[in-house]
Amino acid sequence: MNKKYLMILSSLLLLCFVTIGCSNQSSTEKEEEKVVRIGYQKNGPLFIVKSRGTLEDSLKELGFTVEWKEFQDGPSLLEALNAGSIDFGRTGNTPPIFSQAAGSQLTYVAAGFSKYEGSGILVKNDSTITSLADLKGKKIAFSKGSSSHYLIVKALESVGLSLDDIEPAYLTPGNARIAFEQDQVDAWVVWDPYTSSTEVNANAKLLVNGEGLTSDRDFFVSTENFATNEEEVLNSVLKEVSESMEWANSHHEELIELLAKELKMDEASVTLAVERRVYGVEDINDEILNEQQEMADLFYTLEIIPNEIKVNEAVKQ
Numbered sequence: 002m003n004k005k006y007l008m009i010l011s012s013l014l015l016l017c018f019v020t021i022g023c024s025n026q027s028s029t030e031k032e033e034e035k036v037v038r039i040g041y042q043k044n045g046p047l048f049i050v051k052s053r054g055t056l057e058d059s060l061k062e063l064g065f066t067v068e069w070k071e072f073q074d075g076p077s078l079l080e081a082l083n084a085g086s087i088d089f090g091r092t093g094n095t096p097p098i099f100s101q102a103a104g105s106q107l108t109y110v111a112a113g114f115s116k117y118e119g120s121g122i123l124v125k126n127d128s129t130i131t132s133l134a135d136l137k138g139k140k141i142a143f144s145k146g147s148s149s150h151y152l153i154v155k156a157l158e159s160v161g162l163s164l165d166d167i168e169p170a171y172l173t174p175g176n177a178r179i180a181f182e183q184d185q186v187d188a189w190v191v192w193d194p195y196t197s198s199t200e201v202n203a204n205a206k207l208l209v210n211g212e213g214l215t216s217d218r219d220f221f222v223s224t225e226n227f228a229t230n231e232e233e234v235l236n237s238v239l240k241e242v243s244e245s246m247e248w249a250n251s252h253h254e255e256l257i258e259l260l261a262k263e264l265k266m267d268e269a270s271v272t273l274a275v276e277r278r279v280y281g282v283e284d285i286n287d288e289i290l291n292e293q294q295e296m297a298d299l300f301y302t303l304e305i306i307p308n309e310i311k312v313n314e315a316v317k318q
């Protein structure tokens, strides 16, 4: 074997070892990379957090990056949470009840402030319905198993009525809006920004809002593993959510412009929704827990969920 051949062979072996070493180093770095996967909706508080871009800086200090995943609704977000596709997210008050009743794993980690002023029962401005008692015998649209389902039951109970006294029309918000505008239903129970948009653009008003009937809260949820093993990161996320909610309360003009653009909605409707809501985050206390449990118990009584659940079993200790 000549000297020239030996030199070529040595160079090839060296190159091979270097390549393998780099490959192993890249693999190790990839394994050490830490990511928080957050599920959000465009009409929710986490969209505001994402838009501000402050969370990335906070988590960078802890060695984490952020991966944002958009969802159209709470149920699909919770499906992803149960599958382990996301670590943290926000949803309305009813999806966690259905998820827990179905045996899915989730952990409540915080609650949003009540937004009852934007949830209620819509009627046309010239409607003959002027009180809750007038709903008797009327056709009322709402989404089955939603916060509006709970609201209409509580509203009827407050005047001695029940669902048996009305004609329910189980419709998604999009279909309910059409039915309402075409006078196919007498009233519609829904939440902002559907309520605000209908008030502004469809000759409608709120017969009542959710005051005294429902708090209509947001809930922030995570996987049990994330809540237990990444508590420092979770606390950092919640801190940034809280600060973004404070920003939202004090920067209405910027917030309205942001939401109107993303939701493709007129600014008048967004303005109405924003100005009657106070954003915020709080710990889950007994009052909030009791609200959620009462809703779960009602849905079980109405045979909307298959079994009784204990909400506190899913709350971060």
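Start counting the sequence shown at 2; every next residue gets the next number (our numbering). Glycine is no exception: its CB is placed at the ideal position from the N, C-alpha and C atoms. Computed from a prediction, not measured in an experiment: that's the story for all the values here.
For residue i, which three-state DSSP category applies?
i, result
"Gln-26", "Annotation note: pLDDT 42 at Gln-26 (below 50); position unreliable, no value reported."
"Phe-89", "strand"
"Ser-270", "helix"
"Gln-294", "helix"
"Asn-308", "coil"
"Leu-239", "helix"
"Thr-108", "strand"
"Ser-132", "coil"
"Glu-168", "strand"
"Gly-54", "coil"
"Ala-203", "coil"
"Gly-121", "strand"
"Ala-103", "coil"
"Lys-139", "coil"
"Asn-210", "strand"
"His-1", "With the chain covering only 2 through 318, there is no way to say anything about residue 1."
"Arg-218", "coil"
"Glu-62", "coil"
"Thr-229", "helix"
"Leu-303", "coil"
"His-252", "coil"
"Gly-75", "helix"
Taking the alpha-carbon positions, what's the residue i to residue j distance?
i, j, result
"Asp-193", "Gly-119", "5 Å"
"Phe-181", "Ala-274", "20 Å"
"Ser-128", "Ala-203", "13 Å"
"Thr-229", "Val-186", "47 Å"
"Ile-310", "Gly-175", "30 Å"
"Asn-126", "Leu-172", "22 Å"
"Ala-261", "Val-271", "6 Å"
"Ile-179", "Lys-61", "46 Å"
"Tyr-301", "His-150", "13 Å"
"Thr-20", "Val-36", "Its pLDDT being 47, under 50, Thr-20 is placed unreliably in this model, and the value from its coordinates should be taken loosely. The straight-line gap from Cα to Cα measures roughly 27 Å."
"Phe-65", "Glu-241", "14 Å"
"Asn-308", "Gly-146", "14 Å"
"Asp-166", "Gly-138", "6 Å"
"Val-316", "Ser-52", "28 Å"
"Arg-38", "Glu-168", "42 Å"
"Glu-69", "Glu-57", "Sequence inspection shows Trp at residue 69; the Glu mentioned does not correspond to that position. Computed Cα separation, rounded: 11 Å."
"Ala-103", "Leu-79", "11 Å"
"Asp-217", "Asn-210", "11 Å"
"Ser-148", "Leu-299", "12 Å"
"Ser-132", "Leu-208", "7 Å"
"Asn-83", "Ala-177", "30 Å"
"Ser-237", "Asp-74", "25 Å"
"Val-160", "Thr-92", "30 Å"
"Thr-215", "Leu-123", "16 Å"
"Ser-77", "Ser-100", "10 Å"
"Asn-226", "Leu-47", "21 Å"
"Ser-144", "Glu-276", "25 Å"
"His-253", "Gly-213", "26 Å"
In terms of DSSP beta bridges, what is residue i paired with?
i, result
"Glu-68", "Arg-38"
"Val-282", "Gly-113"
"Val-190", "Ile-122"
"Ser-223", "Phe-89, Thr-108"
"Val-160", "None, per the DSSP bridge assignment."
"Val-316", "Tyr-109"
How many whole angstroms separate the CB atoms of residue i and residue j, which I take to be in contact at a CB cut-off of 8 Å?
i, j, result
"Gly-45", "Asp-284", "Not a contact, Cβ separation roughly 19 Å."
"Asn-94", "Gln-293", "6 Å"
"Val-1", "Leu-239", "One cannot answer for residue 1 here, as it falls past the ends of the chain, which runs 2 to 318."
"Val-282", "Met-246", "6 Å"
"Ala-81", "Ile-289", "That belief does not hold up - the Cβ atoms of Ala-81 and Ile-289 are roughly 24 Å apart, past 8 Å."
"Ala-188", "Ile-141", "5 Å"
"Ala-249", "Ile-49", "5 Å"
"Ile-257", "Ile-98", "Contact doesn't hold; Cβ gap of about 31 Å is too wide."
"Asp-88", "Ser-243", "About 18 Å; that fails the 8 Å criterion."
"Gly-40", "Gly-90", "3 Å"
"Ser-198", "Met-266", "6 Å"
"Gly-121", "Thr-196", "6 Å"
"Phe-72", "Gln-42", "6 Å"
"Phe-1", "Val-279", "Not covered by the structure: residue 1. The range shown for the chain is 2 to 318."
Would you please verify whether the beta carbon of residue i is less than 8 Å from any beta carbon of chain C?
i, result
"Ile-167", "Note that chain C does not occur in the displayed structure, where there is just one protein chain."
The region 228-243 in contact with the region 154-162 per 3-pair CB rule at 8 Å: no
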